[in-house]
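2 protein chains.
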Amino acid sequence: MAELKNDRLLRALLRHEVDVTPVWMMRQAGRYLPEYRKIRSRAGSFMDLCMNPELACEVTIQPLRRFPLDAAILFSDILTIPDAMGLGLYFAEGEGPRFHHPIQDEAAVKSLGVPDPEEDLGYVMEAVRTIRRELDGQVPLIGFSGSPWTLATYMVEGGSSKNFSKVKGMMFERPDLMHKLLAKTADAVVLYLNAQIRAGAQAVMIFDTWGGVLSPSDYESFSLAYMERIVRGLVREHEGRRVPVTLFTKGGGQWLEAMAQTGCDALGVDWTTDLADARARVGDRVALQGNIDPAILYASGERIREGVGKVLASYGKGSGHIFNLGHGIHPDVDPGRALALVEAVHELSPAYH
Amino acid sequence: MAELKNDRLLRALLRHEVDVTPVWMMRQAGRYLPEYRKIRSRAGSFMDLCMNPELACEVTIQPLRRFPLDAAILFSDILTIPDAMGLGLYFAEGEGPRFHHPIQDEAAVKSLGVPDPEEDLGYVMEAVRTIRRELDGQVPLIGFSGSPWTLATYMVEGGSSKNFSKVKGMMFERPDLMHKLLAKTADAVVLYLNAQIRAGAQAVMIFDTWGGVLSPSDYESFSLAYMERIVRGLVREHEGRRVPVTLFTKGGGQWLEAMAQTGCDALGVDWTTDLADARARVGDRVALQGNIDPAILYASGERIREGVGKVLASYGKGSGHIFNLGHGIHPDVDPGRALALVEAVHELSPAYH
Numbered sequence: 008m009a010e011l012k013n014d015r016l017l018r019a020l021l022r023h024e025v026d027v028t029p030v031w032m033m034r035q036a037g038r039y040l041p042e043y044r045k046i047r048s049r050a051g052s053f054m055d056l057c058m059n060p061e062l063a064c065e066v067t068i069q070p071l072r073r074f075p076l077d078a079a080i081l082f083s084d085i086l087t088i089p090d091a092m093g094l095g096l097y098f099a100e101g102e103g104p105r106f107h108h109p110i111q112d113e114a115a116v117k118s119l120g121v122p123d124p125e126e127d128l129g130y131v132m133e134a135v136r137t138i139r140r141e142l143d144g145q146v147p148l149i150g151f152s153g154s155p156w157t158l159a160t161y162m163v164e165g166g167s168s169k170n171f172s173k174v175k176g177m178m179f180e181r182p183d184l185m186h187k188l189l190a191k192t193a194d195a196v197v198l199y200l201n202a203q204i205r206a207g208a209q210a211v212m213i214f215d216t217w218g219g220v221l222s223p224s225d226y227e228s229f230s231l232a233y234m235e236r237i238v239r240g241l242v243r244e245h246e247g248r249r250v251p252v253t254l255f256t257k258g259g260g261q262w263l264e265a266m267a268q269t270g271c272d273a274l275g276v277d278w279t280t281d282l283a284d285a286r287a288r289v290g291d292r293v294a295l296q297g298n299i300d301p302a303i304l305y306a307s308g309e310r311i312r313e314g315v316g317k318v319l320a321s322y323g324k325g326s327g328h329i330f331n332l333g334h335g336i337h338p339d340v341d342p343g344r345a346l347a348l349v350e351a352v353h354e355l356s357p358a359y360h
Numbered sequence: 008m009a010e011l012k013n014d015r016l017l018r019a020l021l022r023h024e025v026d027v028t029p030v031w032m033m034r035q036a037g038r039y040l041p042e043y044r045k046i047r048s049r050a051g052s053f054m055d056l057c058m059n060p061e062l063a064c065e066v067t068i069q070p071l072r073r074f075p076l077d078a079a080i081l082f083s084d085i086l087t088i089p090d091a092m093g094l095g096l097y098f099a100e101g102e103g104p105r106f107h108h109p110i111q112d113e114a115a116v117k118s119l120g121v122p123d124p125e126e127d128l129g130y131v132m133e134a135v136r137t138i139r140r141e142l143d144g145q146v147p148l149i150g151f152s153g154s155p156w157t158l159a160t161y162m163v164e165g166g167s168s169k170n171f172s173k174v175k176g177m178m179f180e181r182p183d184l185m186h187k188l189l190a191k192t193a194d195a196v197v198l199y200l201n202a203q204i205r206a207g208a209q210a211v212m213i214f215d216t217w218g219g220v221l222s223p224s225d226y227e228s229f230s231l232a233y234m235e236r237i238v239r240g241l242v243r244e245h246e247g248r249r250v251p252v253t254l255f256t257k258g259g260g261q262w263l264e265a266m267a268q269t270g271c272d273a274l275g276v277d278w279t280t281d282l283a284d285a286r287a288r289v290g291d292r293v294a295l296q297g298n299i300d301p302a303i304l305y306a307s308g309e310r311i312r313e314g315v316g317k318v319l320a321s322y323g324k325g326s327g328h329i330f331n332l333g334h335g336i337h338p339d340v341d342p343g344r345a346l347a348l349v350e351a352v353h354e355l356s357p358a359y360h
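Protein chains in written order, with the numbering used here: chain A, 8 to 360; chain B, 8 to 360.
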């Protein structure tokens with residue numbers, strides 16, 4: 008493997024000193040880029056794109072050609088695991104992800120198998136290897152997975168949900184069954200992320216998109232406990248470097264202390280929590296990633312620069328900050344605004360190091 | 008006016024002693040009740056129902072016939088104010104509220120008028136008077152309004168939103184204009200709630216459904232500041248009793264301390280915050296209303312009872328707790344489950360008083 012030329016991300020995730028705050032953007036490869044839309048329309052369906060390692064590599068690299076980003080993130084979907092479990096993922100036009108075979112009873116939970124990542128999700132590992140080759144050490148590659156709870160919401164609901172009636176119904180009525188489903192899913196995530204690491208992912212992130220719809224005690228039992236189980240099962244050293252793990256629960260600002268105790272290296276923080284508060288609460292246990300409101304990208308370059316300045320100031324001096332949006336970039340933003348954000352981070356952050 | 012027979016709600020909102028924790032449910036009048044759906048289909052459109060004082064009274068009272076609730080809440084919509092401002096509210100089938108004339112530039116903000124509540128929103132005041140007559144002192148009637156920020160999201164977006172691109176775009180790019188819009192809206196809310204109080208609302212609640220999509224500093228400037236302005240402008244004594252004011256920001260669990268300093272009497276709390284923590288943080292400044300996950304109503308009576316017990320225990324002994332869901336009741340729940348919840352509160356709560 009080529010030597011890593013820009014290791015700011017990996018250093019910051021481990022709270023080592025850096026010259027400049029590293030920056031990347033959640034969903035930096037995506038619909039807001041015209042060059043992505045071109046590839047996407049050529050690929051066929053969204054899953055066809057995910058399953059084509061060459062094209063997945065191409066869209067992963069696209070944002071790096073436009074913006075001086077400090078990391079690449081694997082282009083894929085969080086629902087590859089349930090798809091590999093046989094749930095039959097498809098995307099209904101304009102309606103988001105759906106499963107042909109949702110998990111709604113004991114028999115369905117029992118019959119679920121844990122996918123072999125190289126066999127059943129080989130296209131993801133091939134994409135990781137292709138991207139690493141293509142990156143040629145320019146920046147590190149982040150691998151990722153959904154959290155067990157987040158995956159379970161889709162698996163039980165059969166798709167996106169507003170009220171989470173089915174998955175919460177199961178959680179409240181059959182907590183034993185929910186725990187079985189989550190345990191199996193957590194096992195699958197461990198194998199999946201370890202395979203990504205062995206294929207070349209230099210850091211990994213667990214997206215808990217829907218942990219924030221739970222009460223504090225349900226969050227601890229049904230989401231955080233399984234993320235902790237994953238953190239404990241991960242390969243933490245590869246290619247002679249530590250592989251940092253980041254946990255991100257959207258809407259999880261109230262639970263950062265508990266999240267920091269899982270053994271992870273960093274926490275993603277959305278924009279509803281002030282980074283100064285977050286840092287005071289987690290102390291020096293973890294690095295923090297975030298957290299500008301992605302809607303700032305609807306404003307002018309000048310306002311974006313002001314917003315970046317505020318976020319950098321809220322984290323303050325010293326290492327352990329990875330600049331990011333507080334959630335994924337919206338598909339209707341102008342790529343020029345994203346450039347303004349990335350440039351502002353690089354220009355304004357040296358004062359903090 | 009008939010003397011109030013059950014004043015538990017008003018007492019608890021002011022942190023006076025009660026025998027039993029009072030309970031009501033957000034959206035207790037609504038689609039989950041077959042008798043509501045019957046009236047709704049007879050009324051015509053949703054707004055036709057809101058604008059018909061007799062029918063609005065009927066649906067307000069319906070849940071009280073089924074459940075031993077400790078309060079009634081006016082059946083209406085938060086968007087009556089912008090409608091009265093001339094924005095032209097309508098409901099596109101299956102798509103939620105929409106405005107014919109959204110507010111998207113300086114001229115539109117300037118030309119907005121502050122509605123006269125008795126003249127332009129007389130149907131609401133007439134509903135309040137009708138309900139008070141019909142309630143005959145059985146339980147108190149809660150009036151309500153949306154918060155200025157929440158109303159502004161609909162007014163600027165022209166309806167519901169996912170990313171709040173337009174309203175946040177305006178907030179980031181033209182904070183001066185956003186403040187003008189919010190100030191005008193806050194003035195309208197003051198007049199509107201005071202008219203509800205004079206018409207007979209015995210407590211009022213401000214629903215800040217979308218404050219939780221803001222960063223802490225934007226929340227303080229663009230949502231909380233205007234709720235505080237409203238609290239200061241409200242009639243606080245009527246019919247010889249104090250009229251308690253409750254603020255509820257969905258997703259605002261991180262900001263309870265700041266909310267408690269506005270001069271309000273109580274805070275609504277959603278289920279992502281533990282009531283024990285919330286109580287420790289706000290001290291004895293305000294009462295707390297909430298906060299069971301509304302999805303508990305998808306579970307059995309036994310699980311609902313357990314859930315109620317947990318929430319009562321988390322608040323603990325003493326006055327100042329009003330039991331409620333952490334958000335509105337979902338339209339697909341079985342009314343029998345709502346009964347189980349209300350009964351459990353009355354049966355289990357005397358031990359805490």
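Glycine included, each C-beta is placed from N, C-alpha and C at the ideal position.
Distance between residue 102/B and residue 165/B, taken at the CA atoms: about 12 Å.
For residue 35/A, the secondary structure class from DSSP, reduced to helix, strand or coil, is coil. The Cβ atoms of residue 191/B and residue 119/B lie closer than 7 Å to each other. Ranked by how close their Cα comes to the Cα of residue 222/A, the residues 182/B, 303/B, 126/B and 286/B have 303/B in first place. In this structure the stretch 21-37 of chain A lies against the stretch 73-81 of chain A, because at least three pairs of beta carbons, one per stretch, are closer than 8 Å. In this chain, residue 111/B is not harboured by any alpha helix (DSSP H), its DSSP state being neither H nor E. The secondary-structure analysis by DSSP pairs residue 332/B across a beta bridge with 299/B. In the three-state reduction of the DSSP assignment, residue 125/A falls in the helix class, which pools H, G and I. For residue 322/B, there is no enclosing beta strand (DSSP E); the enclosing alpha helix (DSSP H) has its first and last residue at 308-322.
When 9 Å is used as the limit between beta carbons, residue 176/B is near these residues of chain A: 302, 305 and 306, in chain order. In this structure, the alpha-carbon of residue 284/B lies about 8 Å from that of residue 321/B.
Excluding its 5 nearest sequence neighbours in each direction, residue 243/A has C-beta neighbours in its own chain below 8 Å: 249, 250 and 252, listed in chain order. Interface criterion not met: the Cβ of residue 65/B is under 7 Å from no Cβ in chain A.
Put simply, the CB of residue 334/A is far from chain B, with every gap to its CB atoms at 7 Å or more.
Among the residues facing chain A, residue 156/B is not included, as its CB has no counterpart in that chain under 7 Å away.
For residue 104/B, same chain residues with a beta-carbon under 8 Å away, outside a window of 5 residues either side, are 84, 86, 96, 97, 98, 161, 166 and 167 in chain order.
Across the set 235/A, 142/A and 328/A, the C-alpha of 328/A shows the shortest separation from the C-alpha of residue 291/A. The closest CA to that of residue 234/A, considering only 272/A, 71/A, 246/A and 203/A, is found on 272/A. In the three-state reduction of the DSSP assignment, residue 77/A falls in the coil class, being assigned neither a helical nor a strand state. Contact annotation for residue 310/B against chain A: 179 and 180 [CB-CB distance below 7 Å, chain order]. Using a C-beta cut-off of 8 Å, the stretch 207-223 of chain B makes contact with the stretch 252-264 of chain B, since at least three inter-stretch Cβ pairs fall below that distance. Contact note: residue 261/A reaches chain B through 260, 261, 279 and 280, using a C-beta cutoff of 7 Å and chain order. Annotation for residue 352/A: 27, 28, 30, 315, 319 and 330 place their beta carbon closer than 8 Å to its own, counting only its chain and skipping 5 residues before and after. For residue 172/B, the residues of chain A that pass the 8 Å Cβ criterion are 302, 305, 337 and 339, in the order they occur in the chain. Between residue 228/B and chain A, the shortest Cβ-Cβ separation is not below 7 Å.
The C-beta of residue 23/A has fewer than 16 other C-beta atoms within 10 Å across all chains shown, which makes the residue exposed.
Between the beta-carbon of residue 46/B and that of residue 25/B there is about 32 Å, and that puts the pair past the 8 Å contact cut. Distances from the CA of residue 247/A to each of 115/A, 207/A and 227/A were compared; the closest alpha carbon is that of 207/A. At the C-beta level, residue 310/B and residue 179/A come within 7 Å of one another.
Residue contact with chain A for residue 168/B: absent (no Cβ-Cβ distance below 7 Å to any residue of chain A). In this model, residue 335/B and residue 308/A are separated by some 39 Å (Cα to Cα). Spanning the alpha carbons of residue 156/B and residue 116/B requires a straight line of approximately 14 Å.
For residue 222/A, the residues of chain B that pass the 7 Å Cβ criterion are 278, 279 and 300, in the order they occur in the chain.
Look at residue 82/A here: in three-state DSSP terms it is coil, with no helix or strand label.
With contact defined as three or more Cβ pairs closer than 8 Å, the stretch 133-145 of chain A and the stretch 56-72 of chain A are in contact. Under the three-state reduction of DSSP output, residue 71/B falls in the helix class.
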